[in-house]
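*Asks:* Mind having a look at this structure? Questions to follow.
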Amino acid sequence: MSAELSIILLNAVIILIAYVWVYPTLAGKNINKVAVLDCITSGLALVIVANKYWGQGIEFNLLQFELNWFWFTLISYSIIEIPIALCYFKVALSKGK
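Taken in order, the sequence shown gives residues 1 to 97; the numbers are from my numbering.
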């Protein structure tokens, strides 16, 4: 498995767990709590990837751009998360009305 794919899968699993279990349980419809918890979950992804790739000088390819582990993880996390977050808020806020 390539390094890029392993990071993308890690991000997807963290986001899945966050939006299916953690956010509904701990934050519900509170956008501020979700934002705080999201900083923690994205930080968790960065810590896990840093543990493996920090200081190794490996370049990651994202749409023809060469990035280090930090930017690749952060950008790929955001790309995966944004549509899921929009869906989560649409569903969570519509249940309140």
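Where is the CB? At the ideal position from N, CA and C, for every residue including glycine.
For the putative contact between K29 and L93, defined by C-beta atoms under 8 Å, what is the C-beta separation to the nearest angstrom?
*Replies:* 6 Å
*Asks:* State the beta-bridge partners of E66 as determined by DSSP.
*Replies:* N61
*Asks:* First and last residue of the alpha helix (DSSP H) that includes G43?
*Replies:* 31-53
*Asks:* Since S6 is in the alpha helix (DSSP H), which residue starts that stretch and which ends it?
*Replies:* 3-17
*Asks:* As a quick exercise: from S42, K95, L62, pick the residue whose alpha carbon is nearest that of V13.
*Replies:* S42
*Asks:* Could you tell me how far apart the beta carbons of A45 and V34 are, in whole angstroms, since I believe they sit closer than 8 Å?
*Replies:* Not a contact, Cβ separation roughly 16 Å.
*Asks:* So, helix, strand or coil for A27, using DSSP?
*Replies:* coil
*Asks:* Take I82 as the anchor and find which of I8, N61, S6, I15 has the nearest alpha-carbon.
*Replies:* I15
*Asks:* Use the C-beta contact count for V47: other C-beta atoms within 10 angstroms, 16 or more gives buried, fewer gives exposed.
*Replies:* exposed
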